[in-house]
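Mapping of the sequence shown onto UniProt numbering: residues 1 to 258, in sequence order. Everything below concerns the one structure shown next.
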Amino acid sequence: MIEILNPSELPRARQAGALVADILQTLKSRCEVGTNLLDIDRWAQAMIVEAGAQSCYVDYEPSFGRGPFGHYICTSVNDAVLHGLPHDYPLADGDLLSLDLAVAKGGVVADSAISFVVGDTEPPESVALINATERALRAGIAAAGPGARIGDISHAIGSVLRAAGYSVNTEFGGHGVGSTMHQDPHVPNTGQPGRGYRLRPGLLLALEPWVMADTATLVTDADGWTLRSATGCRTAHSEHTIAITDDGAEILTVPQRA
Numbered sequence: 001m002i003e004i005l006n007p008s009e010l011p012r013a014r015q016a017g018a019l020v021a022d023i024l025q026t027l028k029s030r031c032e033v034g035t036n037l038l039d040i041d042r043w044a045q046a047m048i049v050e051a052g053a054q055s056c057y058v059d060y061e062p063s064f065g066r067g068p069f070g071h072y073i074c075t076s077v078n079d080a081v082l083h084g085l086p087h088d089y090p091l092a093d094g095d096l097l098s099l100d101l102a103v104a105k106g107g108v109v110a111d112s113a114i115s116f117v118v119g120d121t122e123p124p125e126s127v128a129l130i131n132a133t134e135r136a137l138r139a140g141i142a143a144a145g146p147g148a149r150i151g152d153i154s155h156a157i158g159s160v161l162r163a164a165g166y167s168v169n170t171e172f173g174g175h176g177v178g179s180t181m182h183q184d185p186h187v188p189n190t191g192q193p194g195r196g197y198r199l200r201p202g203l204l205l206a207l208e209p210w211v212m213a214d215t216a217t218l219v220t221d222a223d224g225w226t227l228r229s230a231t232g233c234r235t236a237h238s239e240h241t242i243a244i245t246d247d248g249a250e251i252l253t254v255p256q257r258a
């Protein structure tokens with residue numbers, strides 16, 4: 001299913017996007033050495049409930065997971081890159097943490113992810129991974145607009161990731177959003193320009209480049225959810241929800257709080 005929002009629905013999409021962005025930035029500011037992943041999950045729950053919003057994860061039960069997910073945010077550490085199930089783990093200095101959050105507010109979903117290093121130690125490999133995903137995300141957004149195709153976005157993202165020296169996994173990527181979290185069209189993190197679905201004003205897309213330092217192969221934890229690099233290498237993940245407008249692409253998941 002592909003949903004196209006009408007202009008009257010876009011303000012609600014902006015509200016959902018701002019909420020997701022603000023929660024992620026608040027969580028990032030609270031994460032320090034010793035912070036437990038379960039505390040991050042509880043903080044996310046409290047902020048979602050306080051905002052009168054709904055979690056997209058608690059009852060999420062797709063075919064690829066061992067569901068329901070049962071938590072409010074994905075917390076992926078170091079070699080974990082996607083769908084990290086919060087568990088009893090205190091963050092250590094130099095850990096690379098990825099937070100992925102999807103929330104529905106006013107009937108519209110927004111989805112975003114950030115990666116950052118905890119503490120004072122910043123391993124160069126981790127910084128390079130994060131920077132590459134952020135550059136790829138900017139490139140994908142720049143390629144989006146009315147009349148462009150999904151392949152244009154995928155090509156832009158993949159070109160940046162490959163130029164940085166990383167392999168690209170296409171099992172998981174970006175996707176449409178709307179009244180539900182995962183919709184068509186699928187947005188792979190590499191592709192051919194000029195191919196795929198043609199973008200229209202009112203379409204919401206979650207673009208999410210992610211990489212692993214020395215592999216493109218994922219393995220799944222015993223928890224049935226957390227996806228890790230097959231080699232144990234570090235990983236990073238960046239994501240924004242955008243709205244296709246008459247003029248281009250508007251980033252919805254931008255923090256509003258100072």
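A virtual CB, placed ideally from N, CA and C, is assigned to each residue, including glycine.
Could you check how far apart the C-beta atoms of residue i and residue j are, in whole angstroms? I think they sit under 8 Å.
i, j, result
"Ala-236", "Val-211", "6 Å"
"Thr-133", "Leu-97", "The pair is not a contact, with the Cβ atoms about 14 Å apart (cut-off 8 Å)."
"Ile-251", "Ile-141", "6 Å"
"Leu-91", "Ile-114", "No, Leu-91 and Ile-114 are not in contact; Cβ-Cβ is about 15 Å, not under 8 Å."
"Leu-207", "Ile-244", "About 11 Å separates the two Cβ atoms, so there is no contact after all."
Helix, strand or coil for residue i? Go by DSSP, reduced to three states.
i, result
"Trp-225", "coil"
"Asn-6", "coil"
"Gln-256", "coil"
"Leu-129", "helix"
"Gly-194", "coil"
"Asp-79", "coil"
"Met-181", "coil"
"Ile-40", "helix"
"Ile-141", "helix"
"Leu-85", "coil"
"Val-20", "helix"
"Pro-188", "coil"
Can you list, in chain order, the residues of its chain with a C-beta nearer than 7 Å to that of residue i? Leave out the 5 residues immediately preceding and following it.
i, result
"Thr-231", "Asp-214, Thr-215"
"Asp-59", "Pro-68"
"Ala-51", "Leu-19, Lys-105"
"Gly-158", "Val-168, Asn-189, Thr-190, Gly-191"
"Asp-79", "Arg-228, Ser-229, Gly-232, Cys-233, Arg-234, Thr-235"
In terms of residues, what are the limits of the beta strand (DSSP E) holding residue i?
i, result
"Ile-244", "240-244"
"Ala-249", "249-251"
"Ala-113", "108-117"
Near residue i, which residues of its chain fall below 8 Å by C-beta distance, leaving aside the five closest residues on each side in sequence?
i, result
"Ala-148", "Arg-198, Leu-199"
"Arg-66", "Asp-223, Gly-224, Trp-225"
"Thr-121", "Asp-93, Gly-94"
"Ser-179", "Glu-3, Ala-104, Gly-107, Val-108, Val-109"
If distances are taken between C-alpha atoms only, which option among the options comes closest to residue i?
i, options, result
"Tyr-57", "Asp-111, Tyr-89, Asn-36", "Asp-111"
"Asp-87", "Ser-115, Arg-42, His-240", "For clarity, residue 87 is His in the given sequence; the question names Asp instead. With distances taken between Cα atoms, His-87 lies closest to Arg-42."
"Thr-253", "Glu-9, Ser-8, Arg-14", "Arg-14"
"Arg-228", "Leu-204, Val-49, Gly-84", "Gly-84"
"Asp-246", "Gly-202, Ala-143, Tyr-72, Tyr-166", "Gly-202"
"Arg-162", "Tyr-89, Pro-146, Ala-128", "Ala-128"
"Val-77", "Leu-10, Gly-248, His-240, Arg-234", "Arg-234"
"Gly-70", "Gln-45, Asp-79, Leu-82", "Gln-45"
"residue 309", "Arg-30, Glu-9, Asp-22, Asp-79", "Past the edges of the chain, shown from 1 to 258, lies residue 309, and the structure says nothing about it."
If I follow the unbroken alpha helix (DSSP H) through residue i, where does it start and stop?
i, result
"Ser-154", "150-163"
"Leu-203", "No alpha helix (DSSP H) holds Leu-203; DSSP gives it neither H nor E."
With a threshold of 6 Å on Cβ separation, who are the neighbours of residue i within its own chain once the five nearest residues in sequence on each side are excluded?
i, result
"Thr-170", "Pro-188"
"His-182", "His-175"
"Gly-173", "Val-187, Pro-188, Asn-189"
"Cys-31", "Val-118"
Taking only beta-carbon positions, decide if residue i is within less than 8 Å of chain B.
i, result
"Gly-248", "Checking the listed chains, one finds no chain B in this structure; it contains a single protein chain."
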